[in-house]
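Residue numbers for the sequence shown follow numbering that gives the first Met the number 0, so the first one is 0 and each next one is one higher. One structure below.
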Amino acid sequence: MKLSIVEYPDKRLRLKSKEVKNFDKKLHELLDSMYPMMIDTNGIGLASIQVNHPIKALILNIPDEDGEQPRENLLEIINPVVSHCEGETVYQEGCLSVPKFYEDITRYETLTLNYQDREGNTKTLEADGLLSIAIQHEMDHLEGILFIDKLSYARRKKFEKEYKRMLKERKSS
Ligand code: QAP
Ligand code: CO
Numbered sequence: 000m001k002l003s004i005v006e007y008p009d010k011r012l013r014l015k016s017k018e019v020k021n022f023d024k025k026l027h028e029l030l031d032s033m034y035p036m037m038i039d040t041n042g043i044g045l046a047s048i049q050v051n052h053p054i055k056a057l058i059l060n061i062p063d064e065d066g067e068q069p070r071e072n073l074l075e076i077i078n079p080v081v082s083h084c085e086g087e088t089v090y091q092e093g094c095l096s097v098p099k100f101y102e103d104i105t106r107y108e109t110l111t112l113n114y115q116d117r118e119g120n121t122k123t124l125e126a127d128g129l130l131s132i133a134i135q136h137e138m139d140h141l142e143g144i145l146f147i148d149k150l151s152y153a154r155r156k157k158f159e160k161e162y163k164r165m166l167k168e169r170k171s172s
């Protein structure tokens with residue numbers, strides 16, 4: 000399946016992703032195509048809405064201590080629901096749909112996640128650190144929310160200005 004990344008300010012990023020009901024070949028093909036796309040673009044997380052499939056599916060591959068992202072560390076998360084969250088943490092986030100822009104964002108420090116795998120099996124996961132942050136970032140995508148929506152008014156204005164300039168430069172080169 001050929002995929003491409005939908006980039007801000009594309010309105011398709013604002014759709015609400017639909018629950019996955021069929022854990023079929025089509026879902027597996029989508030997930031199988033998302034992984035190389037994420038690795039090729041230097042991503043650690045990707046929601047399917049970012050490749051123009053607004054369904055509640057996301058993948059995560061948090062780098063290990065050596066910065067490697069082996070496929071066996073890949074997490075495929077379908078229909079996620081956070082059942083518990085605690086604490087606060089700040090991390091400089093980016094997003095494949097908002098290229099070249101990074102800002103500090105406050106998230107919950109730890110969470111408990113209920114979700115399904117690609118076969119529809121129910122799973123529970125306790126997350127902290129970068130995994131917890133990435134889960135919250137990707138779950139926001141399912142609601143049509145981007146990390147830039149969490150910036151203060153002043154920082155958002157600064158972002159819009161810088162981003163517009165970046166898009167213009169990209170077009171002219
Ligand atoms: C979400 O983000 C995330 O601007 C995943 O030029 C971010 O994979 C989770 C990327 C921070 C936790 C912490 C961004 C690649 C990748 C860019 C990504 C870029 C190239 C972002
Ligand atoms: Co993102």
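We treat Cβ as the ideally placed atom computed from N, Cα and C, and that holds for glycine.
Review point. Buried or exposed: which applies to Q91, given that a residue is buried once 16 or more other Cβ atoms fall within 10 Å of its Cβ?
Key: On the sequence shown, residue 91 is found 92 positions in, with the first residue counted as 1. So Q91 ends up on the exposed side.
Practice item. Kindly examine ligand 2 and report whether one of its heavy atoms sits closer than 7 angstroms to the Cβ of S96. Key: The residue labelled residue 96 in the question sits at position 97 within the sequence shown. Within the cutoff, so yes.
Review point. For I132, which of G93, Q115, N21 has the nearest alpha-carbon?
Key: Within the sequence shown, the letter at position 133 stands for residue 132. Checked all of G93, Q115, N21; the closest Cα to I132 is G93.
Check your understanding: If we ignore side chains and look at the alpha-carbon of each, how far apart do G167 and E159 end up?
Key -> Residue numbering aside, residue 167 sits at position 168 when the sequence shown is read from its first letter. Residue numbering aside, residue 159 sits at position 160 when the sequence shown is read from its first letter. Per the sequence shown, residue 167 should be read as Lys rather than Gly. About 12 angstroms.
Check your understanding: Buried or exposed: G66, going by 16 or more other Cβ atoms within 10 Å of its Cβ?
Key -> Along the sequence shown, one-based indexing puts residue 66 at 67. Per the 10 Å Cβ criterion, exposed.
**Study point:** Closest by C-alpha distance to E28, when choosing among A153, I4, L14, A56
**Key:** Stepping through the sequence shown from its first residue, residue 28 is reached at position 29. With distances taken between CA atoms, E28 lies nearest to A56 out of A153, I4, L14, A56.
Review point. Since Y90 is in the beta strand (DSSP E), which residue starts that stretch and which ends it?
Key: Mapped onto the sequence shown, residue 90 falls at position 91. Taken as a continuous stretch (DSSP letters only), the beta strand (DSSP E) holding Y90 covers 88-92.
Practice item. Grab me the residues of S171's own chain with a C-beta within less than 6 angstroms of its C-beta, minus the 5 sequence neighbours each way, in chain order. Key: To locate residue 171, count along the sequence shown from 1; it is residue 172. Within the same chain, S171 has no close Cβ partners at all.
Review point. Cβ of F100 versus every heavy atom of ligand 1: is any distance shorter than 7 angstroms?
Key: Residue 100 sits at position 101 when you count from the first residue of the sequence shown. Correct: F100 has its Cβ closer than 7 angstroms to ligand 1.
Practice item. Mind checking which residues open and close the beta strand (DSSP E) that includes G44? Key: Locating residue 44 in the sequence shown gives position 45, counting from the first residue. Where G44 is concerned, the enclosing beta strand (DSSP E) stretches over 44-46.
Review point. Hey, quick one: how far does the beta strand (DSSP E) through I76 stretch, first residue to last?
Key: As a position in the sequence shown, residue 76 is number 77, starting the count at 1. 74-85 is the span of the beta strand (DSSP E), which, as asked, contains I76.
Practice item. Confirm, please, whether the CB-CB distance from N51 to V5 is below 8 angstroms. Key: The sequence position of residue 5 within the sequence shown is 6, counting from 1. The sequence position of residue 51 within the sequence shown is 52, counting from 1. Taking 8 angstroms as the cut-off, the Cβ atoms of V5 and N51 count as close.
Point to revise | At least three beta-carbon pairs within less than 8 angstroms, the region 15-34 to the region 93-107 | key: Taking a cut-off of 8 angstroms on C-beta distances, the region 15-34 does not touch the region 93-107, as fewer than three cross pairs fall below it.
Exercise for review: From the DSSP output, read off the bridge partner residues of N113.
Suggested key: By one-based count along the sequence shown, residue 113 stands at place 114. Per DSSP, the beta-bridge partners of N113 are V80, T123.
Check your understanding: On the premise that L130 lies in contact with I61, defined as a C-beta separation below 8 angstroms, what is that separation, rounded to the nearest angstrom?
Key -> Residue numbering aside, residue 61 sits at position 62 when the sequence shown is read from its first letter. Residue numbering aside, residue 130 sits at position 131 when the sequence shown is read from its first letter. Sure, about 5 angstroms apart at Cβ, within 8 angstroms.
Check your understanding: Counting along the chain, where does the beta strand (DSSP E) carrying D148 start and finish?
Key -> Counted from its first residue, the sequence shown places residue 148 at position 149. Per DSSP, D148 belongs to no beta strand (DSSP E) and is neither H nor E.
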